[in-house]
Structures are given as C-alpha cells and as structure tokens.
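Numbering (this note's numbering), first residue to last: 122 to 375.
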C-alpha cells in the first residue's frame, strides 16, 4: 500500500485511503470481500489502522458485506446501509492493545453472527443457544462476560444501531426501516427509537449530516480477507444514502 508491505491473512481487514496505490500478491486461492466507495467530507475524522486483524468482528463484517452484495440487485439503498454499518464497525474496532487478551468464546462469536445474519427476524435465546451449541444458561453467562450485556439486550442494541444507520444513511421509508429490524409496528418502533436512541425516527433522520456530493478523489476501499473466492461489490456511496453500485463474483488470482 503506497510502498509499505503488509501481510494479509485470513481474518484481516484493511482500509485503503483515496488515491493510494495498492498491489496484492496471492499465494494460492483466496476469498476476500471488498468494497470501493466514495465518501463526503462531513463528520469527525478518526484515525484507523490501514491493516488490522478483525478478531471476533470478522464474522459480523463478513455477514454485513455478504448482505450488502445480496441486497444490491433489488434494494441498492439497503446495500449502501450495510456497507455503512460495516464501515462503522471497522472504525469502532479497538486495536489489539486496547482489547482484552482473552479470546472470545466460539459460542459467543457464533451467537453474534446469527444475530447479525437475521436482523429482521424473530430470535429467542434458546434458539440462539442451540445454534451456538451450548445451553440457554451457559450462553447467557458467556455473553454477559464477553459483552457486558444480556443476549436480549445485545439484540435490541444491534437492531437499533442498524435502524439508526438506515435512517441516517439511506432513503428507506420509516416503515421499511422498522420492518428491516423486526419491529413492523410503527408505534412500537417509535417507542424503541425514543428509548434506545433518544429520539423518534423522523428526528433521527433529520439529524443526519448534510454534505455536498463527493467527488472521486474522496474514494477508498474496504477489504476483508476470508477464504477461496473473491466477492466484488462496487458501491459509490454518498452521505445522503444513495449509491451507484455494480456487484459480481470472480475467482481470486493465484
């Protein structure tokens, strides 16, 4: 990346600055998910490592980018929102020195991945525990130890974070956003937004940053290394939530 060598292995994620020259050298086949994007100039700057290990966030990032790819043909606004959510996750990812050295239990990672994969569908703790291969009570203990929250609380928080992203980063209607996070009843969704996000849906949407349409010079790339096939999503994201995208699959070069 601009003359600096980085080793990219399974589980690593990178953010490539606009205008940077990047060359990849593959040793055999490699699956990776990557996004080309354009961003506006609004917002608070945040320093992020160019290349870092995704740790327990890898499964969630993979799900988000795969959902973006799946959503693009019919709902490009949702694809853009999924990419925004992935970017937020990367921006909030703590570097190794700030994280606990204790590994995340596989059951917690599996449970979190299931929660991310089914954002708008009903989920029960026993169902999640069964999918993770542990008992209801054991998952509850593991989850609180790892996240400081209950499973139900984590589901609520993640879905409302998703709702905030959709409200501020897409043009999806409020009913569509509500349905996408599993709360199709608008009164219940309004109450959930007030309780968790501190404001009703329309106020959250009105508070999103306003910026001019970006130019190509504000572009960048998000790249996650996963396994044996390349998945390409090419959205030109704008801060008003619109996106111009192309998507497809191609094998990685050896």
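Every residue, glycine too, gets a C-beta built ideally from N, C-alpha and C.
Just so we're clear, the structure is a prediction, and the values are computed from it rather than from any experiment.
inquiry  = My assumption, with CB atoms under 8 angstroms, is that residue 241 sits in contact with residue 303. Please give the rounded CB distance.
reply    = A Cβ-Cβ distance of about 5 angstroms is found for the pair residue 241 and residue 303, placing them in contact under the 8 angstroms criterion.
inquiry  = Judging by CA-CA distance, which residue of 138, 305, 173, 205 is the nearest neighbour of residue 127?
reply    = 173
task = Out of 314, 264, 130, point me to the one whose CA is closest to residue 150's CA.
result = 130
Simplified DSSP assignment, three categories, for residue 235 = helix
ask   = For residue 168, does the three-state DSSP call read helix, strand or coil?
value = coil
query = Quick one: what does DSSP say residue 263 is sitting in, helix, strand or coil?
reply = DSSP places residue 263 in the helix class (H, G or I) of the three-state scheme.
task = Would you mind working out which of 275, 283, 188 sits nearest residue 238, comparing C-alpha positions?
result = 188
task = Quick one: residues in its chain with C-beta nearer than 7 angstroms to the C-beta of residue 299, no 5 flanking neighbours on either side, listed in chain order?
result = 305, 307, 310
task = Kindly list the residues whose CB is nearer than 8 angstroms to the CB of residue 279, restricted to its own chain and excluding five residues on each side of it in sequence; keep chain order.
result = 236, 237, 240
task = Would you list the one or two residues that DSSP bridges to residue 174?
result = Beta-bridge pairing by DSSP links residue 174 to 133.
query = With DSSP run on the structure shown, which of helix, strand or coil describes residue 98?
reply = Outside the shown range of the chain, which is 122 to 375, sits residue 98, and nothing can be said about it.
key: Cβ-based burial, residue 301 [other Cβ within 10 Å; buried from 16]   = buried
ask   = In terms of residue numbering, what span does the alpha helix (DSSP H) encompassing residue 312 cover?
value = 307 to 318
task = Let me know the secondary structure DSSP gives residue 157 once reduced to three states.
result = strand
ask   = From residue 147 to residue 315, what does the alpha carbon distance come to, in whole angstroms?
value = 48 angstroms
ask   = When we look at the beta-carbon of residue 185 and count the other beta-carbons within 10 Å, is it buried (16 or more) or exposed?
value = Per the 10 Å Cβ criterion, buried.
query = Taking contact to mean at least 3 C-beta pairs separated by less than 8 angstroms, is the stretch 242 to 249 in contact with the stretch 257 to 268?
reply = yes
query = In whole angstroms, what separates the C-alpha of residue 191 from that of residue 273?
reply = Near 27 angstroms, if we compare the C-alpha coordinates of residue 273 and residue 191.
request  = Have a look at residue 281 and residue 328 and give me their C-alpha separation to the nearest angstrom.
outcome  = Spanning the two alpha carbons is a distance of roughly 16 angstroms.
Of the listed residues 180, 196, 292, 254, nearest to residue 153 (C-alpha basis) = 180
inquiry  = Does residue 125 pass the burial test, meaning 16 or more other C-beta atoms within 10 Å, or should it be called exposed?
reply    = exposed
Collapsed DSSP secondary structure at residue 256 in the structure displayed = coil
Status (buried if at least 16 other CB within 10 Å, exposed otherwise) for residue 167 = exposed
ask   = Are residue 397 and residue 143 touching if we call contact CB-CB under 8 angstroms?
value = Given a span of 122 to 375 for the chain in the structure shown, any question on residue 397 remains unanswerable.
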